[in-house]
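Q:
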Amino acid sequence: MAATSAPLAKTVLRPSANAVGIALLLVLAYGIVPLVGTSYLYEAILTPFLALSLAALGLNLLTGYAGQLSLGSSAFMALGAYAAFNLSLRLPFLPLPVTIVLAGLVAATAGLAAGLPALRLRGFYLAVSTLAVQFFVGWVLNRFAWISNDSPSGVISAPPLVIAGLSFEDARGRYLFSLTVVALLTFLAWRLVTSPTGRSFVAVRDNETAARVIGVKVARTKLLAFALSSFVVGVAGVLWAFAYLRTVEPAGFNLDRSFQILFIVIIGGLGTLRGAFLGAGLIVVLPLLLSRFGAAVLGDGFDSGTLEMCQRIALGTLIVAFLIREPAGLAALLDRAVRCLRRAD
Amino acid sequence: MTATPLLRVEGLEARYGGAVRALVGVDLTVGAGEIVALVGSNGAGKTTVLKAVSNLLPAERGQVTAGRIVYDGLDVARTPTDALVRAGLVGVLEGRHCFRALSVEENLVTGGLGRGSGRAAIRADLDRIFSVFPRLVEKRRALAGLISGGEQQMVAIGRALMGRPRLLVLDEPSMGLAPKIVAEIFSTLARLNRDERLTLLLAEQNVTVALRHADRAVVLENGRSVLEGTAAELRARDDVRAFYLGLGAAPALTAA
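Chain order of the listed sequences is F and Y. Going by our numbering, the first residue of the first sequence is number 2, and it counts up by one from there. Going by our numbering, the first residue of the second sequence is number 873, and it counts up by one from there.
(1) Identify whether residue 1110/Y lies in helix, strand or coil by the three-state DSSP scheme.
(2) Residue range of the beta strand (DSSP E) that residue 934/Y falls in?
(3) Report all residues from its chain with a CB closer than 7 Å to the CB of residue 326/F; omit the five preceding and five following residues, and keep chain order.
(4) Counting only the same chain and skipping the five closest in sequence on each side, list residues whose C-beta sits under 6 Å from that of residue 940/Y.
(5) Indicate the three-state DSSP secondary structure (helix, strand or coil) for residue 965/Y in the structure shown.
(6) Could you tell me the boundaries of the beta strand (DSSP E) in which residue 834/Y lies?
(7) What alpha helix (DSSP H) runs, 4 residues minimum, are completely inside the stretch 210–256 of chain F?
(8) Out of 200/F, 315/F, 98/F, which has the shortest C-alpha to C-alpha gap to residue 67/F?
(9) Given this structure, state the Cα-to-Cα distance separating residue 1072/Y from residue 1038/Y, to the nearest angstrom.
(10) Quick check on residue 1071/Y: does DSSP put it in helix, strand or coil?
(11) Would you tell me roughly how many angstroms separate the C-alpha atoms of residue 204/F and residue 212/F, rounded to the nearest one?
(12) Using the beta-carbon of each residue, which ones in chain F are nearer than 9 Å to residue 974/Y?
(13) Does residue 140/F pass the burial test, meaning 16 or more other C-beta atoms within 10 Å, or should it be called exposed?
(14) Please check the pair residue 908/Y and residue 1028/Y, which I expect to be a contact at CB under 8 Å, by giving their CB distance rounded to whole angstroms.
(15) Quick check on DSSP: helix, strand or coil for residue 344/F?
(16) List in chain order: all unbroken beta strand (DSSP E) runs of 3+ residues lying wholly within the stretch 102–173 of chain F.
(17) Under 7 Å from any heavy atom of the ligand SAM, does the C-beta of residue 175/F make it?
(18) Near residue 179/F, which residues of its chain fall below 7 Å by C-beta distance, leaving aside the five closest residues on each side in sequence?
(19) Counting C-beta neighbours from all protein chains within 10 Å, is the total for residue 12/F 16 or more, i.e. buried, or is it exposed?
(20) Tell me the DSSP bridge mates of residue 1089/Y?
(21) State whether the stretch 1058–1067 of chain Y contacts the stretch 938–954 of chain Y, with contact taken as three or more CB pairs (one from each stretch) at a distance under 8 Å.
(22) Which same chain residues end up closer than 7 Å to residue 7/F when comparing Cβ atoms and leaving out the 5 residues on each side of it in sequence?
(23) Can you tell me whether residue 1046/Y is helix, strand or coil according to DSSP?
(24) Establish whether the CB of residue 218/F and some CB of chain Y are separated by less than 8 Å.
(25) Going by the DSSP bridge assignment, what does residue 887/Y pair with across the sheet?
(26) Whether or not the stretch 315–335 of chain F and the stretch 294–305 of chain F are in contact is what I'm after, with contact meaning three or more pairs of Cβ atoms, one per stretch, closer than 8 Å; do they touch?
(27) Considering Cα atoms alone, identify which of 933/Y, 1020/Y, 1110/Y, 987/Y is closest to residue 970/Y.
(28) Express the C-alpha separation of residue 992/Y and residue 942/Y in angstroms, rounding to a whole number.
(29) Hey, out of 252/F, 218/F, 262/F, whose CA is closest to residue 231/F's CA?
(30) Answer yes or no: does any C-beta atom of chain F fall closer than 8 Å to that of residue 944/Y?
(31) Could you work out which residue in 270/F, 56/F, 65/F, 330/F is closest to residue 79/F when comparing CA atoms only?
(32) Assign residue 177/F to buried or exposed, taking buried as 16 or more other Cβ atoms, counted over all protein chains shown, within 10 Å of its Cβ.
(33) Is the CB of residue 948/Y under 8 Å away from at least one CB in chain F?
(34) Assuming residue 1023/Y contacts residue 1044/Y (C-beta within less than 8 Å), just tell me the rounded distance between them.
(35) Can you give me the Cβ contacts of residue 271/F inside the same chain, cut-off strictly under 6 Å, excluding the 5 residues immediately before and after it?
(36) Among 1054/Y, 977/Y, 986/Y, whose alpha-carbon lies nearest the alpha-carbon of residue 962/Y?
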């Protein structure tokens, strides 16, 4: 069929254009940034950006692709972080990558359990059940001192980041470490969403009954989405605790963090991998821009309280604007911009 | 009709939410290679019968309370929908239900997922669907949410065909479509039935079209199967003509 083979050739070409972009990004991130970056850039911007991107990527698998709303993301981050802490404390002979994978698996198991209500509940009701997970995990981490090795108020400190004798302790090392983990998991997530499993995620999201009718195992698909998403979010929690903050407490993984991740996904674009990165970029950079801008305009009157308020107002306005004008988020805006540029050529 | 029918429904009763009685006694058989039409007015229970046949009622808080459904030796009530799909019983829901965010081609590909087809098999099946519905070829990259209703119905049917069904169950394929499109879809279905011996069970309010293509028809009324016969017989009956075809004066039959 001549008619069918022509458009096929086009699809083979399009990923290669994407591949060039991704290769350029990787060259920038691995080759140029480590040469020119300052430790402020790594510690205040890039490392939190990477950790939040990964968390948003994980939530996007669940909410954006499989259509299951979750308000418990930061609980899974906490589970990942505390699991990795305990594994490295109690099984110190495990290499760090193994510890991280196991911590992800702990979060995935919890995600599987948290996903059970999704077999019966949808939409808001499901969101409420994931809210229960959020509070339950917070309670467990505070209640059982053993989990935080009996430290007061559950504060834990990250073990040294050493893989096969190579130390990633300084700011640049932690950035490269996060970058590698994020790049690897993003690649795996890309493989997932382009696989038949990824398509059955979208089928369940778009129309559950129709998915069932064509033979998609709906229950299994939902649970799988919860488990895989929680794995990624759990690893993001490890990055957050080990590479970014170095010292965390359960209160740092509260409902606000869950909402932050959800907002990243909404602003960035539901159901796209790029969206997680675009949204996280905005969320990380916005407060910095606001504080610079505020200090320039208001001078000393712009204290941290005012900053936080402005941040909330700006973020809220952005979310409302996106939900009305561009429900597909920054990713769609970027697509449109690229298309305009192409046309201008 | 063969000795053992492909699908047999006996004394089927069903309820929604434990209270609403949707079906009170439905019997029907579908032999291999037949086209059977399920006709009846709004609320007669056509959709419920078809959902029961695909074992979809539990997902909608409904349940079969009595009777049984046997598809090719399988007890439908004990077989999950995805296993039924792999056994060749594939449904097309009322109102088309395409995956709006996926392209036409991706929608079709999802139809091959349930069966666990490999890439080569999916490619071959895709080509086959595009030859069955040539109209879809030029829309293959379009998002399914943005194509016309008739094309969406073709996508929904094509997606079901990707599962290589032996029994295709269709709920109101004519709903909301122009008569010309309805004729096109029905003649395609009839051709699949003739050339590939695809067995069809379809619910239709458009009785004229249904009886023109069906071999046999079953009439449902208030959740009960009240009449069964060949399409030719039913077309000839005065009461059926009066109630469902709108021809002639209504004779004295207990009307709802």
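Idealized CB from N, CA, C, for every residue including glycine.
A: On the basis of the supplied data:
(1) helix
(2) 934–943
(3) none
(4) 882
(5) coil
(6) Since the first residue shown for chain Y is 873 and the last is 1128, residue 834/Y is missing from the structure and cannot be characterised.
(7) 219–239
(8) 200/F
(9) 8 Å
(10) strand
(11) 5 Å
(12) 200, 203, 204, 207
(13) exposed
(14) Residue 908/Y to residue 1028/Y, Cβ: 20 Å. No contact.
(15) helix
(16) none
(17) Within the structure as shown, the ligand SAM is missing, as the structure has no ligands at all.
(18) 48, 51, 52, 240, 244
(19) With a pLDDT of 41 at residue 12/F, under the threshold of 50, the modelled position of this residue cannot be trusted, and the question is left open.
(20) 909/Y, 1101/Y
(21) no
(22) Annotation note: pLDDT 37 at residue 7/F (below 50); position unreliable, coordinate value reported separately. So no residue of the chain qualifies.
(23) coil
(24) yes
(25) 893/Y, 935/Y
(26) no
(27) 1020/Y
(28) 32 Å
(29) 262/F
(30) no
(31) 56/F
(32) buried
(33) no
(34) Wrong, their Cβ atoms sit about 17 Å apart, outside the cutoff.
(35) 65
(36) 986/Y
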